[in-house]
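Chemist: Can you read through this structure? Questions will come right after.
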Amino acid sequence: PSFLANYGRRTAVDEAYPMKQALERLGQSSIPVLLATGSHDSMVNNRAALTALRSCGVPVIHAEISGAGHYSQDLQYPYFLWILRNFTEKRGLPCSVLRVTVDYAGN
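Using the numbering used here, you'd call the opening residue of the sequence shown number 2 and step up by one each time.
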């Protein structure tokens with residue numbers, strides 16, 4: 002019962018978070034945003050996340066690893082590392098390559 006009560010409290014706090022306002026502030030900042038996803042993520046709705054970012058004016062680079070699931074940083078590490086290195090060192094990603102599709106959304 003205590004685990005269920007804890008889960009309920011955490012859910013209530015998550016649902017009360019002012020996500021729209023936070024994303025709007027992010028869109029007004031100059032912070033570069035990378036959304037790295039797996040095409041077969043069973044835990045997060047990638048389209049919903051991208052739509053939320055776009056609708057709040059957040060310029061985002063979306064890199065999707067084909068065939069990867071939620072744990073792409075673990076199971077598809079070479080692709081994940083390639084995405085991170087390009088984003089952090091080169092401040093962007095080249096066009097889509099191998100199993101990575103790149104979309105500059107809102108830029």
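Quick reminder that beta carbons are idealized off the backbone N, C-alpha and C, glycines included.
#1: How long is the line joining the alpha carbons of F88 and Y80, rounded to whole angstroms?
#2: According to DSSP, is A37 helix, strand or coil?
#3: Identify which residue in H63, S56 and V34 has its Cα closest to the Cα of N47.
#4: Rounded to whole angstroms, what is the Cα-Cα separation between R86 and P95?
#5: Who does A17 pair with in a DSSP beta bridge?
#6: Excluding the 5 residues flanking R11 on each side, which residues of the same chain have their C-beta closer than 6 angstroms to its C-beta?
Modeler: Let me spell this out:
#1: Counted from its first residue, the sequence shown places residue 88 at position 87. Counted from its first residue, the sequence shown places residue 80 at position 79. Each residue's alpha carbon lies about 12 angstroms from the other.
#2: Mapped onto the sequence shown, residue 37 falls at position 36. The answer is strand: DSSP assigns A37 an E or B state.
#3: The residue labelled residue 47 in the question sits at position 46 within the sequence shown. Comparing Cα-Cα distances from N47 to each of H63, S56 and V34, the minimum goes to H63.
#4: Counting from 1 along the sequence shown, the entry for residue 86 is found at position 85. Counting from 1 along the sequence shown, the entry for residue 95 is found at position 94. C-alpha separation (whole angstroms): 12 angstroms.
#5: Working through the sequence shown from its first residue, we reach residue 17 at position 16. Answer is none; A17 lacks a bridge partner.
#6: Along the sequence shown, one-based indexing puts residue 11 at 10. Excluding positions up to five away in sequence, the list is empty.
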